[in-house]
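Offset between the sequence shown (1-based) and our numbering: plus 177. Built from N, CA and C at the ideal position, the CB exists for glycine as well. Keep in mind the model is a prediction, meaning the values are calculated, not measured. Everything below concerns the one structure shown next.
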Amino acid sequence: MNNHDLTLETTTLWDFPTQNYGSIPHGDNKYPGVTPAFIIWNLLQRYTVENDLVVDPMCGSGTTIDVCKEENRRVLGFDIVPYREDIIPADARKLPLVNSIVDFIFIDSPYSNNIHYNDHPDNIGHISCESPRFYKELEKVAQELHRILKKGKYLAWIIADQAKKEKFTPVGYKLYSILEKYFTPVDIICVTRHNQKSNTPIWHHRAKKYNFYLRGFKYLFIMKKP
Ligand SMILES: C[S@@+](CC[C@H](N)C(=O)[O-])C[C@H]1O[C@@H](n2cnc3c(N)ncnc32)[C@H](O)[C@@H]1O
């Protein structure tokens with residue numbers, strides 16, 4: 178597929194069956210929790226222009242870096258444990274950047290301690306979303322992102338809820354109420370989840386038998402720095 182064939186999404190429901198597009202990888206689709214590259218492509222078309230500076234403070238396998246380079250955006254990707262050489266080691270709560278220099282931020286953060294990314298003690302993915310501490314740490318990230326973003330520019334943040342052992346935690350709503358303290362809401366996109374470990378007949382059977390729902394979507398919050 179040629180990038181010119183990619184479609185700009187026009188509704189708030191995004192469904193990308195594959196992580197990648199085209200023949201060149203964007204990020205590593207074997208990385209736990211890797212972001213579908215189409216999401217970043219769509220956001221770049223709407224909220225950035227060529228040569229803008231894009232930051233991903235938790236960039237994992239580097240999907241944002243690869244999409245940005247192909248779309249001629251300048252990009253800095255940080256992670257607590259860099260997966261590749263072009264990723265800068267940093268804590269998303271304390272980024273090595275001066276105030277108000279970034280044109281667009283994309284972040285796909287941990288949304289609980291459900292995925293093992295690495296053993297680094299400052300990995301926020303070690304904290305359960307059932308603990309108030311999880312939201313305190315995400316608020317520090319939100320404050321830091323607000324500090325580095327230019328006024329009038331946009332931030333996009335992916336997160337999902339958790340339902341575990343009969344306890345539902347509305348992680349998305351909790352994060353949204355934090356983001357609203359610092360940013361103006363622009364929209365909320367619902368991104369269909371694919372390649373779920375729980376997308377098996379036994380889990381669908383359990384969901385019916387024990388009367389709970391399997392997670393079908395993630396939130397993509399789009400916010401603006403006023
Ligand atoms: C959902 S993954 C990101 C996936 C990425 N967008 C991709 O496409 O590969 C979340 C990432 O957050 C990182 N992370 C967790 N705590 C962090 C922190 N305090 N500072 C920076 N990165 C952190 C993890 O190491 C992990 O790579």
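DSSP places Q320 in the uninterrupted alpha helix (DSSP H) bounded by P309 to I325.
Here H382 is exposed, its C-beta having fewer than 16 other C-beta atoms within 10 Å.
For P266, DSSP records a beta bridge to D256. F345 is the residue among F345, S308 and P259 whose C-alpha sits nearest the C-alpha of N388. Taking 8 Å as the cut-off, the Cβ atoms of G204 and D233 do not count as close. Contact annotation: the stretch 214 to 231 does not touch the stretch 289 to 296, with fewer than three C-beta pairs closer than 8 Å. The C-alpha of Y288 is placed about 30 Å away from the C-alpha of S200. Taking a cut-off of 8 Å on C-beta distances, the stretch 181 to 194 does not touch the stretch 245 to 263, as fewer than three cross pairs fall below it. Under the three-state reduction of DSSP, I355 is assigned to helix. Nearest to V368 by C-alpha distance, out of I399, K317 and P403, is I399. Partner residues in the beta bridge of D364, as assigned by DSSP, are I399.
No residue range can be given for A337, since it is assigned to no alpha helix (DSSP H) and is classified by DSSP as neither H nor E. It is roughly 14 Å from the alpha-carbon of L315 to the alpha-carbon of F283.
In this structure H371 is exposed. Its beta-carbon is surrounded by fewer than 16 other beta-carbon atoms within 10 angstroms. Short note on M235: C-beta closer than 7 Å to some heavy atom of ligand 1. In chain order, Y331, I399, M400 and K401 place their CB closer than 8 Å to the CB of V363, counting only its own chain and leaving out the 5 sequence neighbours on each side. Contact between T241 and I265 does not hold, since the beta-carbon distance rounds to 12 Å and is not under 8 Å.
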